[in-house]
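Below: the structure, in structure tokens.
Numbering (this note's numbering), first residue to last: 36 to 209.
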């Protein structure tokens, strides 16, 4: 069952990533290729490193893994990053407003869907407290979410940075 889940999730995320890439390519050209490579490289490296620190681990339900990371996870990052940017662009936003808004949408996707549904209900990964972790300065009384504060920070930061990359591509004409 878990290998099938991994294949299905990977196929879905690759298909959705190809769709969002195609749409973004129409307006941003080759800069989208740079964004894809950066997104996948950072997602694979970051996921492997952070999960290796013990903050969370992926369950066998995810099926196919590269190291400690399910194959579909970096593609999910790509889909969320690009979809967030496409949503704000569809409302005519541009510049830093679009990058900030993409960050907010990425954060909301994680808070409303990814963590509650895929983590809590689907049990595709499990979080655990790490003493002296990256965001251990955040008091436990303020951390009432499913995942630690740092997770939500990254879900804002990553779409913001990748949106900024696309916005800069207009300025420097990549």
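We put the CB at the ideal spot given by N, CA and C, even for glycine.
- In the DSSP assignment, residue 82 falls within the unbroken alpha helix (DSSP H) covering 66 to 87.
- Its chain contains 96, 97 and 98 as the residues whose beta carbon lies nearer than 7 angstroms to that of residue 40, once the 5 sequence neighbours on both sides are disregarded; these appear in chain order.
- In the displayed model, residue 105 falls within a strand according to three-state DSSP.
- Here the alpha carbons of residue 86 and residue 94 stand approximately 12 angstroms from one another.
- Sorting 146, 188 and 38 by C-alpha distance to the C-alpha of residue 181 places 146 at the top.
- Take residue 140, set aside five residues on each side of it, and the residues of its chain with a beta-carbon closer than 6 angstroms to its own are 119 and 122, in chain order.
- With a cutoff of 8 angstroms on beta-carbon distance, residue 138 and residue 191 are scored as near each other.
- Closest option to residue 132, judged by alpha-carbon separation, among 111, 183, 198 and 73: 198.
- Cβ-Cβ separation between residue 75 and residue 113: approximately 6 angstroms, consistent with a contact (criterion under 8 angstroms).
- Shown here, residue 100 sits in a strand according to DSSP, grouped into three states.
- In its chain, beyond the 5 residues on either side, no residue has a beta carbon closer than 6 angstroms to the beta carbon of residue 84.
- Where residue 187 is concerned, the enclosing alpha helix (DSSP H) starts and stops at 184 to 207.
- Between residue 111 and residue 72, the gap from beta carbon to beta carbon reaches 8 angstroms or more.
- Your pair residue 201 and residue 70 checks out as a contact, with CB atoms roughly 6 angstroms apart and the cut at 8 angstroms.
- Counted as a single uninterrupted DSSP element, the alpha helix (DSSP H) harbouring residue 60 occupies residues 37 to 63.
- Taking every protein chain shown into account, the CB of residue 80 has fewer than 16 other CB atoms within 10 angstroms, so this residue is exposed.
- Across the structure, residue 64 and residue 56 are spaced so that their CA atoms are roughly 10 angstroms apart.
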